[in-house]
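**Q** Residue 101 in the numbering used here is what sits at position 77 of the sequence shown, and the numbering runs on without skipping anything. Every residue, glycine too, gets a C-beta built ideally from N, C-alpha and C.
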Amino acid sequence: QLKDCFPYTPFIGKGKGWGIGQASNEGGKRGMANLQLNRGETLIGSGMVVYWEPYGLFNYSTWSGYIYVTNHRVLFHPLISSLFTLELPLAGLNRFWTSKHFFVPAVTICDKNAETFRFSGFKTKKLVSWLQQLGIPKV
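#1: By the DSSP assignment, the beta strand (DSSP E) with T109 in it spans what residues?
#2: First and last residue of the beta strand (DSSP E) that includes K150?
#3: Would you kindly work out how many angstroms separate the C-alpha atoms of N62 and L114, rounded to a whole number?
#4: Use the C-beta contact count for V163: other C-beta atoms within 10 angstroms, 16 or more gives buried, fewer gives exposed.
#5: Taking contact to mean 3 or more Cβ pairs, one atom from each stretch, closer than 8 angstroms, check whether the stretch 148-157 and the stretch 87-98 are in contact.
#6: Candidates G116, A130, G159 and G69: which alpha carbon is nearest A138's?
#7: Measure from the alpha carbon of K150 to the alpha carbon of each residue in Y90, Q60 and K136, then state which is nearest.
#8: Pull up the CB-CB distance for F141 and T132, whole angstroms please, since I reckon it's below 8 angstroms.
#9: Using a Cβ-Cβ cutoff of less than 8 angstroms, which residues in the same chain neighbour L158 once the five nearest sequence positions on both sides are dropped?
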């Protein structure tokens, strides 16, 4: 859970496991973080989305921010903080599906442990094409 991960530990650039990490956002500027790509890593696409963090049985916290898709991982960086990032390595992704959330397109990514990550917004059509480009199956 994003809110419950103190202290933050750096995961970006490690490329191992799910986790909360630190993102570079020089000078405290708002907007897209400066994504640090690893050697051999290529940015496929990026855009603004909303991450729906589940808590409880039917409750969600929403985080507006930027999603980055590279040939090694999917990262989400919230707008309200430059301290953490949700990192999803491609090796841990199993499948994804699309739906509507209050008439807004949504993409849910599922990992190999059946944990799900829901993103919504009008950039999700591009997110679908980026995930398909990487060979992640749509169900």
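**A** In terms of the structure at hand:
#1: T109 to P113
#2: Not the beta strand (DSSP E): K150 falls in the alpha helix (DSSP H), residues T148 to Q157.
#3: 14 angstroms
#4: exposed
#5: yes
#6: G116
#7: Y90
#8: 7 angstroms
#9: I68, V93, N95 and L114
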